[in-house]
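Asks: Here's a structure for you.
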Amino acid sequence: MPEHGSPTVRRRRLGQELRRLRERADMTGDQVATRLGWSAAKISRIETARTSPRESDVEALLVIYMVDSRQRQELLALHRDATRKGWWEDYRDSLPKEYTTFLGLEAEATAARDWEPQVVPGLFQTEAYVRAMMESGQRSTLEAPGGVRSRIEVRMARQQAVLRVDNPLAISAVVEESVLLRRFGGNEVMREQLGRLIEVSELPNVELRILPLDAAHPINTGAFSHLKLPEFHDVVYLEALLGGRLVEDETIVYRYEVAFDYLETKALDVDDSRRLLEKTVRHWR
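This is how it looks when you write it as structure tokens:
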């Protein structure tokens, strides 16, 4: 398990295990709910990790499922881990629910594959670029200034948590060349941002490819991030103007995986991409 493990994933793992135990006991959610005086909806929310159960709730379920002492201690330990706060929890009130779930999954992912046709991927953005981008977005979405500040803090905290750890996430990113030419802020902001892209392209855990403007554009979709997760099926996060959407349907996720594979074949390799970045920096002098 990655050292930057996630309570979001552990909540899912706990719910998955409780469902397995219920099915092993040959009981329906309605039957368990009746035994405990709960609603069937509560059982469902626990098993699908839409709510975090109290320890007493977990203990009550384990009694009904006749779990032995060793497994009981393991599951209660998992529950304690699942109730710990992730770094993103401090910003939960200012972030869309789907995005906070994505951050929790990213914290325990083994690899991420990002396609970005409009802006620099969030993990590689400088603070000045983030500010310029969000202030521009504020004018179009009427977001309060305080919301912009909070989102900048989240972006910087995410980079610290994902890139600057002992066991960083393996990241493959394809960025459309137009992103390098799309202005946010002044020339200095853009020069600094492209310099950051050059720096991150040299990290051992990052593969950064540029899709040239004159390349065949193989897919018609906005930005997305595909996460590979241990013990769970992969997920895709689709970005949108006011939040985003988490996709977990395995068939749809697979189609995004294939789309990213195809994007990589049309993009420059990592060395040519770095040379294009170095050349484009001169555009912003």
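So that you can map any letter, position 32 of the sequence shown is 32 in the UniProt record's numbering, and since no number is skipped, the others follow by simple counting.
We treat Cβ as the ideally placed atom computed from N, Cα and C, and that holds for glycine.
The structure presented is a predicted model; accordingly, all values stated were derived computationally and were not measured.
So what's A161 in DSSP terms, helix, strand or just coil?
Replies: It is helical.
Asks: With respect to the beta strand (DSSP E) encompassing I64, which residues constitute its N-terminal and C-terminal limits?
Replies: That residue, I64, is in no beta strand (DSSP E); its alpha helix (DSSP H) goes E55 to I64.
Asks: From this set, L62, R149, S136 and V206, which residue's C-alpha is nearest L169's C-alpha?
Replies: Selected option, being the one with the closest Cα: V206.
Asks: Using the C-alpha atoms, what's the distance from G29 back to R22?
Replies: Using only the alpha carbons, I get a separation of about 8 angstroms.
Asks: Does F124 come out as helix, strand or coil in the three-state DSSP assignment?
Replies: Residue state, collapsed to three classes: helix.
Asks: Within a Cβ cutoff of 7 angstroms, which residues of the same chain sit near M133, ignoring the five residues on either side of it in sequence?
Replies: Within the same chain, M133 has close Cβ partners V119 and F184.
Asks: Helix, strand or coil for S136 per DSSP?
Replies: Three-state DSSP puts S136 in a helix.
Asks: Is it a yes or a no for the segment 222-233 touching the segment 175-183, going by three-plus beta-carbon pairs under 8 angstroms?
Replies: No, the segment 222-233 is not in contact with the segment 175-183.
Asks: Please identify the residue among R158, L276 and L105 whose C-alpha is closest to the C-alpha of F124.
Replies: The option with the nearest alpha carbon to F124 is R158.
Asks: Within this structure, are the beta carbons of E248 and F224 separated by less than 8 angstroms?
Replies: For E248 and F224, no; Cβs fall outside 8 angstroms.
Asks: How many angstroms separate the CA atom of V165 from the CA atom of A267?
Replies: Cα-Cα distance, rounded: 28 angstroms.
Asks: Can you tell me whether DSSP reads R182 as helix, strand or coil?
Replies: Here R182 sits in coil by DSSP.
Asks: Going by CA-CA distance only, name the one from L277, Y99 and V162 that's closest to G243.
Replies: Of L277, Y99 and V162, the residue nearest in Cα terms is Y99.
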